Amino acid sequence: MPQSEMMAHKMKNQPMYPQLKQPTLQAVEPFVQYGLKEAKKTSLAHAMREVAAISFLLGQGMDPQTAYKTVESWELNETL
Numbered sequence: 000m001p002q003s004e005m006m007a008h009k010m011k012n013q014p015m016y017p018q019l020k021q022p023t024l025q026a027v028e029p030f031v032q033y034g035l036k037e038a039k040k041t042s043l044a045h046a047m048r049e050v051a052a053i054s055f056l057l058g059q060g061m062d063p064q065t066a067y068k069t070v071e072s073w074e075l076n077e078t079l
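Okay, so the sequence shown: first residue is 0 according to numbering that gives the first Met the number 0, each after it adds one.
See below:
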């Protein structure tokens, strides 16, 4: 088992940064819903890549609308 996984297992009963849980889940929920809808039209892998790419761009400081539009602009025939 990788060390990071062992550490995560040990800390299972002691969440890290509990104050970040709700704001984090609220921030990503629109993209989760988008990914679920997208997966019905394309494939699960495609939808996950889109949501992951959007999330990455958000983490880089991009605003949600620009992140979404950027990832959508990368698509060609429903593929990234």
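Glycine included, each C-beta is placed from N, C-alpha and C at the ideal position.
Please read these numbers as outputs of a predicted model, since none were measured by experiment.
query, result
"Where Thr41 falls: helix, strand or coil (DSSP)", "coil"
"Anticipated Cβ contact below 8 Å, Ala46 with Gly60, distance rounded", "Ala46 to Gly60, Cβ: 24 Å. No contact."
"Three-state secondary structure (DSSP) of Leu75", "strand"
"Through-space distance from Glu28 to Thr44, alpha-carbon basis", "As written in the sequence, residue 44 is Ala, which differs from the Thr given in the question. The alpha-carbon atoms of Ala44 and Glu28 are separated by roughly 18 Å."
"Spatial neighbours of Leu79 in its chain, beta-carbon cut-off 6 Å, leaving aside the 5 residues before and after", "Arg48, Trp73"
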